[in-house]
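Enquirer: First, the structure itself, so that you have it in front of you.
Protein chains: 2
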Amino acid sequence: MTQESSQVAPRYLTGDKAGLQEFLAKFDVFLFDCDGVLWSGDHLFPGTVETLELLRNNGKQVVFVTNNSTKSRADYRKKLEGLGIPSTVEEIFSSSYSSSIYISRILQLPENKRKVYVIGETGIEQELRSENVPFIGGTDPAYRRDVTPADYKKIAAGDESIIDPEVGVVLVGLDFHMNYLKIALAYHYIKRGAVFLATNIDSTLPNSGTLFPGAGSMSAPLIMMLNKEPVALGKPSQAMMDSIEGKFKFDRNRACMVGDRANTDIRFGLEGKLGGTLGVLTGVSSKEDFVSGDVRPHAYLDKLSDLLDSE
Amino acid sequence: MTQESSQVAPRYLTGDKAGLQEFLAKFDVFLFDCDGVLWSGDHLFPGTVETLELLRNNGKQVVFVTNNSTKSRADYRKKLEGLGIPSTVEEIFSSSYSSSIYISRILQLPENKRKVYVIGETGIEQELRSENVPFIGGTDPAYRRDVTPADYKKIAAGDESIIDPEVGVVLVGLDFHMNYLKIALAYHYIKRGAVFLATNIDSTLPNSGTLFPGAGSMSAPLIMMLNKEPVALGKPSQAMMDSIEGKFKFDRNRACMVGDRANTDIRFGLEGKLGGTLGVLTGVSSKEDFVSGDVRPHAYLDKLSDLLDSE
Numbered sequence: 001m002t003q004e005s006s007q008v009a010p011r012y013l014t015g016d017k018a019g020l021q022e023f024l025a026k027f028d029v030f031l032f033d034c035d036g037v038l039w040s041g042d043h044l045f046p047g048t049v050e051t052l053e054l055l056r057n058n059g060k061q062v063v064f065v066t067n068n069s070t071k072s073r074a075d076y077r078k079k080l081e082g083l084g085i086p087s088t089v090e091e092i093f094s095s096s097y098s099s100s101i102y103i104s105r106i107l108q109l110p111e112n113k114r115k116v117y118v119i120g121e122t123g124i125e126q127e128l129r130s131e132n133v134p135f136i137g138g139t140d141p142a143y144r145r146d147v148t149p150a151d152y153k154k155i156a157a158g159d160e161s162i163i164d165p166e167v168g169v170v171l172v173g174l175d176f177h178m179n180y181l182k183i184a185l186a187y188h189y190i191k192r193g194a195v196f197l198a199t200n201i202d203s204t205l206p207n208s209g210t211l212f213p214g215a216g217s218m219s220a221p222l223i224m225m226l227n228k229e230p231v232a233l234g235k236p237s238q239a240m241m242d243s244i245e246g247k248f249k250f251d252r253n254r255a256c257m258v259g260d261r262a263n264t265d266i267r268f269g270l271e272g273k274l275g276g277t278l279g280v281l282t283g284v285s286s287k288e289d290f291v292s293g294d295v296r297p298h299a300y301l302d303k304l305s306d307l308l309d310s311e
Numbered sequence: 312m313t314q315e316s317s318q319v320a321p322r323y324l325t326g327d328k329a330g331l332q333e334f335l336a337k338f339d340v341f342l343f344d345c346d347g348v349l350w351s352g353d354h355l356f357p358g359t360v361e362t363l364e365l366l367r368n369n370g371k372q373v374v375f376v377t378n379n380s381t382k383s384r385a386d387y388r389k390k391l392e393g394l395g396i397p398s399t400v401e402e403i404f405s406s407s408y409s410s411s412i413y414i415s416r417i418l419q420l421p422e423n424k425r426k427v428y429v430i431g432e433t434g435i436e437q438e439l440r441s442e443n444v445p446f447i448g449g450t451d452p453a454y455r456r457d458v459t460p461a462d463y464k465k466i467a468a469g470d471e472s473i474i475d476p477e478v479g480v481v482l483v484g485l486d487f488h489m490n491y492l493k494i495a496l497a498y499h500y501i502k503r504g505a506v507f508l509a510t511n512i513d514s515t516l517p518n519s520g521t522l523f524p525g526a527g528s529m530s531a532p533l534i535m536m537l538n539k540e541p542v543a544l545g546k547p548s549q550a551m552m553d554s555i556e557g558k559f560k561f562d563r564n565r566a567c568m569v570g571d572r573a574n575t576d577i578r579f580g581l582e583g584k585l586g587g588t589l590g591v592l593t594g595v596s597s598k599e600d601f602v603s604g605d606v607r608p609h610a611y612l613d614k615l616s617d618l619l620d621s622e
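Protein sequence lines, in the order shown, are assigned to chains A and B.
The C-terminal residue of the first sequence carries number 311 in the working numbering, and the numbering is unbroken.
The C-terminal residue of the second sequence carries number 622 in the working numbering, and the numbering is unbroken.
Below is the structure:
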C-alpha cells in the first residue's frame, strides 16, 4: 500500500447528477487511460465519443495517456480516429514519447554518449527522431538475426563493428522481434555504463481477449542478469506524470486521472498528487478493488459514459 | 544462509599430504562441476587428466555434473574428449538429462498430457528422445519466426493448429533462438495447466571471458508474466541430486561434491547432505568466500591437481 493511497471509500457517482456536476466542476484537465476506459480491444464503448465531446464543450483539456510504446503519437491518433474518436497528436501522451522527452530534456548525457540502443518497434524510433535523439537497434534488420560465435568474441572485446562506443542509454520497449543478440547487446551496453530505461514495465499485453508478453517481459532477462531495475517511463512511473505536466503546464489540483486499473492508473494519479482519480468498471479492476482495495480512487462509475448524466 | 551450510572453517588441504589422504579415503564418489574446476573456457588446467586418473585408479566413481542444457551427454563427452579428458557418457550428468529423467520417471502426467513444449536447443531434444518423451518446439524451424496477427487469435482460441492439447509440460532451457512467439506459446501452455520446468536458472552464461544471457534469462519473462517460479532441474536444485542418486545408487555419506562456486556447487552438495564438499580456487569463489562466506565447503584447495600430492 502506498502512502498516497486514499483510505476513504470512493464515491459512487453513477446516476448521481448533483454528485457528477460537483465532481466535474473541480477539474480542468482529464487524463485518460484508453483500453478498458474508452474501448476494449477493437470495441468502442457506447457513449465514449459523446462523453469526450461533453468534456471538451465544457472547456476541459483531454489527454490520452498510453503505455503502448510500439506506436508513435501520430500512429495512436490514427488508431483513435479508426475507432471514431476525434483527437489531435497534441492530446496524446505515450510511453515512447515520454521516454524520448526524458532522454532529450532530463538526462544529462556526456557529449560522446548521446546515442540510444533501442529494443523496440517503430513507435519509439519515431518519437526519438522527433526529439532529435540519435539511436541504433530498434527495427534495423541488422539486429534481427541469430547470434554467431564471432559475435561473442567481438562483444567481449568491445569491437566497434558491433559495440558502438557512443551509446549512453539502453531503452527497452515492447519488441515483437526480441532475440538473443538484442538482449546480449543491451546487457553489455549497460555493463559498460549505459543508463537502463524501459518505456514501461507491464509484464503482459492484452490482445484478442487474452494476454501476451508485454514490454516488461523484454526487460525481465536484463533485470535478472544485472540484478538491477530500469527507470520506467510509463504509468505508474512519476517520470511520465512529470513529462505530462511539463508539456501541459496544468495545476495538479485541477487534474483528474481516469482509469480502469487501481494498481497502475489510479496509483499513477494518487502518487502524482492529482486533485482527483476516477475509476471505471469496464476494465480490469472490480468494484471490490476500488471500494476496499489498497489503492482506491476518489470516485468511481459503472462506465465512463455515466458522466453524460451530469447534463 | 541455509540451514545446511557449514559454519566450521573449511580445512585447507593444499600441500597437506596426510590431510589429503584422510579426505580422499572418506569418499567413493566424486561429483565434479566442470568449468572453473577441470578447465576454464577452452583452457584445460594442468594436472586435470592425471588427477581424474588417480581417482579412478583408486576405485573412485567420477561424475561430471553440468548445468549446460544445450548439449546432450554424448555432445558433452565429445567436449571432454576435445579437451583431452577421457570419459564415458555414463559418467556425465547434464541438466537436460536430469530434466528428461524428471519428466519420464518422476512427474505423473495424465495419459493425454505427456507432450513437452521445449524452449531450448538440441541437447534437450536428444535427452528427451533417449527417455522416449514426446516433445514439440525446440529446434523446429516452424517456431523460429515472427509472431503474426493470426497467431494471437489462434492462441487465444486454443486453435489446435498452434496449441497442442497434449502438452502437459513446458521445459525452458538455454535457447539461442528465443523469440516472442516461443515465449507467448510457453505462457499459454502454462496458463492452460502445463507444469513449468527449467533445465536450470543460471541468469548468465560465461563465454569469451565475459557473460551472455543464460537459461534463467529465458525463464525470466515467463516468471514475470506468471508471477510463478519454475521447478529448476540443474544445480543447486535437489531434483538434480535425486536424479544423480537414482542413477548411481551411491551412499550420500561416501560422496563428495567438487566445485568452484560456493552458492551453487557447494550449496548443492551441502543441501544434498553429501559426506563432503571440496572447493577449488580456480573459478568464481575466492578463499574469502570459502573461509568466511555464508556457504562453506568442508575443505578447499588452491587447485584440483593439488590432490596429486596425496600420492
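Using N, Cα and C, we set each Cβ at its ideal position, and we do this for glycine too.
This structure is a prediction, so every number in the text was calculated from the model and none was measured.
Inspect the beta-carbon positions of MET292(B) and PHE579(B) and report whether they are closer than 8 Å.
Expert: The question about residue 292(B) has no answer, for chain B in this structure spans 312 to 622.
Enquirer: Consult DSSP for VAL458(B) and reduce its assignment to one of helix, strand or coil.
Expert: The sequence position of residue 458(B) within the second sequence is 147, counting from 1. The answer is coil: DSSP assigns VAL458(B) none of H, G, I, E or B.
Enquirer: Give every residue of the same chain whose Cβ lies closer than 8 Å to the Cβ of LEU355(B), excluding the five residues on either side of it in the sequence, and list them in chain order.
Expert: As a first step, residue 355(B) must be located in the second sequence, where it is residue number 44. Same-chain partners within the cutoff: LEU349, LEU394, GLY395 and ILE396.
Enquirer: Would you say SER514(B) lies against chain A (beta-carbon separation less than 8 Å)?
Expert: Working through the second sequence from its first residue, we reach residue 514(B) at position 203. Answer yes: the Cβ-Cβ gap between SER514(B) and chain A drops below 8 Å somewhere.
Enquirer: For chain A, is any of its Cβ atoms less than 8 Å away from the one on ASP457(B)?
Expert: Against the second sequence, residue 457(B) aligns to sequence position 146. Yes, ASP457(B) counts as interfacial toward chain A.
Enquirer: Is there a C-beta anywhere in chain B that falls below 8 Å from the one on PHE176(A)?
Expert: Position 176 of the first sequence, counted from the first residue, corresponds to residue 176(A). Interface residue, yes.
Enquirer: Do the segment 565-578 of chain B and the segment 599-612 of chain B make contact, defined as three or more Cβ pairs closer than 8 Å?
Expert: With a cut-off of 8 Å, the segment 599-612 of chain B and the segment 565-578 of chain B count as touching, because enough Cβ pairs lie within range.
Enquirer: Given a threshold of 16 other Cβ atoms within 10 Å of its Cβ, counted over all protein chains shown, does ALA18(A) qualify as buried or as exposed?
Expert: Along the first sequence, read from residue 1 onward, the residue named residue 18(A) stands at position 18. Exposed is the call here.
Enquirer: Decide if SER286(A) is buried, meaning its Cβ has at least 16 other Cβ atoms within 10 Å, or exposed.
Expert: Taking the first sequence and counting its residues from 1, one reaches residue 286(A) at position 286. Looking at its Cβ environment, which holds fewer than 16 other Cβ atoms inside 10 Å, SER286(A) is exposed.
Enquirer: How many Å lie between ILE58(A) and GLU22(A) at the Cα?
Expert: Sequence index remark: in the first sequence, residue 58(A) carries index 58 (1-based). Sequence index remark: in the first sequence, residue 22(A) carries index 22 (1-based). This sequence places Asn at residue 58(A); Ile is not what is there. Straight-line Cα distance between these residues: approximately 13 Å.
Enquirer: Give the interface partners of SER519(B) over in chain A, defined as CB-CB distance under 7 Å, in chain order.
Expert: As a first step, residue 519(B) must be located in the second sequence, where it is residue number 208. In chain order: TYR152, LYS153 and ALA156.
Enquirer: Residues of chain B with CB under 7 Å from MET240(A), in chain order?
Expert: The residue you call residue 240(A) lines up with position 240 of the first sequence. In chain order: nothing, as chain B lies at least about 20 Å away.
Enquirer: Which term fits ASP151(A), buried or exposed, when burial requires 16 or more other beta carbons within 10 angstroms of its beta carbon?
Expert: Indexing the first sequence from 1 puts residue 151(A) at position 151. Counting Cβ neighbours within 10 Å, ASP151(A) comes out buried, since at least 16 surround it.
Enquirer: Taking the beta strand (DSSP E) that PHE176(A) falls in, what are its first and last residues?
Expert: For this step, residue 176(A) is matched to residue 176 along the first sequence. Segment: none, PHE176(A) is in no beta strand (DSSP E) and carries neither H nor E.
Enquirer: Could you tell me whether the segment 471-481 of chain B touches the segment 422-432 of chain B, where touching means 3 or more Cβ pairs closer than 8 Å?
Expert: Result yes; three or more Cβ-Cβ pairs closer than 8 Å.
Enquirer: Name the chain A residues whose beta carbon is nearer than 9 Å to that of PHE356(B)?
Expert: By one-based count along the second sequence, residue 356(B) stands at place 45. Neighbours of PHE356(B) on chain A: none; closest Cβ ~21 Å, over 9 Å.
Enquirer: Nearest to GLY434(B) by CA position, among LEU365(B), THR377(B) and SER530(B), is which residue?
Expert: Along the second sequence, read from residue 1 onward, the residue named residue 434(B) stands at position 123. Here the closest residue by C-alpha is THR377(B).
Enquirer: Determine the burial state of ILE417(B): buried for a count of at least 16 other Cβ atoms within 10 Å of its Cβ, exposed for fewer.
Expert: Here the question's residue 417(B) lines up with position 106 in the second sequence. Exposed: under 16 other Cβ atoms inside 10 Å.
Enquirer: Could you give the residue range of the alpha helix (DSSP H) that holds ASN368(B)?
Expert: The residue given as residue 368(B) occupies position 57 in the second sequence. Where ASN368(B) is concerned, the enclosing alpha helix (DSSP H) stretches over 359-368.
Enquirer: Looking at the secondary structure, which residues open and close the beta strand (DSSP E) in which TYR387(B) lies?
Expert: Along the second sequence, one-based indexing puts residue 387(B) at 76. Note, TYR387(B): premise wrong, no beta strand (DSSP E); alpha helix (DSSP H) at 384-393.
Enquirer: Give me, in chain order, the residues of the same chain whose beta-carbon lies closer than 6 Å to that of LEU612(B); leave out the 5 immediate sequence neighbours on both sides.
Expert: Here residue 612(B) refers to the residue found at position 301 when the second sequence is read from its first residue. Closer than 6 Å at Cβ, skipping near neighbours: LEU324, THR325 and VAL591.
Enquirer: Kindly indicate the opening and closing residues of the alpha helix (DSSP H) around GLY580(B).
Expert: Within the second sequence, residue 580(B) is the residue found at index 269, counting from 1. It spans 578-582 - the alpha helix (DSSP H) in which GLY580(B) sits, taken as one unbroken run.
Enquirer: Output yes if chain A places a C-beta closer than 8 Å to the C-beta of ALA453(B); else output no.
Expert: The residue labelled residue 453(B) in the question sits at position 142 within the second sequence. Not an interface residue.
Enquirer: Select from the segment 494-507 of chain B all residues with a C-beta closer than 9 Å to any C-beta belonging to chain A, and list them in chain order.
Expert: Under the 9 Å Cβ criterion, the segment 494-507 of chain B contributes ILE494, ALA495, TYR498, HIS499 and LYS502.
Enquirer: Quick check: LEU544(B) and ALA566(B), are their CB atoms within less than 8 Å of each other?
Expert: Here residue 544(B) corresponds to residue number 233 of the second sequence, with the count starting at 1. Here residue 566(B) corresponds to residue number 255 of the second sequence, with the count starting at 1. No, the Cβ-Cβ distance between LEU544(B) and ALA566(B) is not below 8 Å.
Enquirer: Name the chain A residues whose beta carbon is nearer than 7 Å to that of GLY527(B)?
Expert: By 1-based counting over the second sequence, the position of residue 527(B) is 216. Those are MET224, listed as they occur along chain A.
Enquirer: Does the distance from the CB of GLY431(B) to the CB of LEU482(B) come in under 8 Å?
Expert: Within the second sequence, numbered from 1, the residue matching residue 431(B) stands at position 120. Within the second sequence, numbered from 1, the residue matching residue 482(B) stands at position 171. Yes, the Cβ-Cβ distance between GLY431(B) and LEU482(B) is below 8 Å.
Enquirer: For ASN564(B), name the three-state secondary structure that DSSP assigns.
Expert: Within the second sequence, residue 564(B) is the residue found at index 253, counting from 1. Note: ASN564(B) maps to helix in three-state DSSP.
Enquirer: Looking at ILE103(A): is its Cβ nearer than 8 Å to the Cβ of VAL147(A)?
Expert: For this step, residue 103(A) is matched to residue 103 along the first sequence. For this step, residue 147(A) is matched to residue 147 along the first sequence. Not closer than 8 Å, so no.
Enquirer: What residues from chain B crowd round TYR117(A), counting only those whose CB sits closer than 9 Å?
Expert: Your numbering for residue 117(A) matches position 117 in the first sequence. What TYR117(A) touches in chain B: nothing, since even the nearest Cβ is about 16 Å away.
Enquirer: Could you check whether the Cβ of PHE27(A) sits closer than 8 Å to any Cβ belonging to chain B?
Expert: As a working mapping, residue 27(A) is identified with position 27 in the first sequence. Output row for PHE27(A): interface = no.
Enquirer: With a threshold of 16 other CB atoms inside 10 Å of the CB of THR88(A), please say whether the residue is buried or exposed.
Expert: Counted from its first residue, the first sequence places residue 88(A) at position 88. When all chains shown are included, THR88(A) counts as exposed.
Enquirer: Give me the residue from LYS71(A), LYS79(A) and ILE183(A) with the minimum Cα distance to SER98(A).
Expert: Translated into the one-based positions of the first sequence, residue 98(A) becomes position 98. Here the closest residue by C-alpha is LYS71(A).
Enquirer: Does the beta carbon of PRO236(A) come closer than 8 Å to any beta carbon on chain B?
Expert: Walking along the first sequence from the start, residue 236(A) turns up at place 236. Not an interface residue.
Enquirer: With the cut-off set at 8 Å, would you say PHE487(B) and PRO541(B) are in Cβ contact?
Expert: As a working mapping, residue 487(B) is identified with position 176 in the second sequence. As a working mapping, residue 541(B) is identified with position 230 in the second sequence. Cβ atoms of PHE487(B) and PRO541(B): not closer than 8 Å.
Enquirer: Under three-state DSSP, which class holds SER316(B)?
Expert: The count along the second sequence starts at 1 and reaches residue 316(B) at position 5. Interpretation of SER316(B) is limited by its pLDDT of 47, a score under 50 that renders its predicted location unreliable; no figure is taken from the coordinates.
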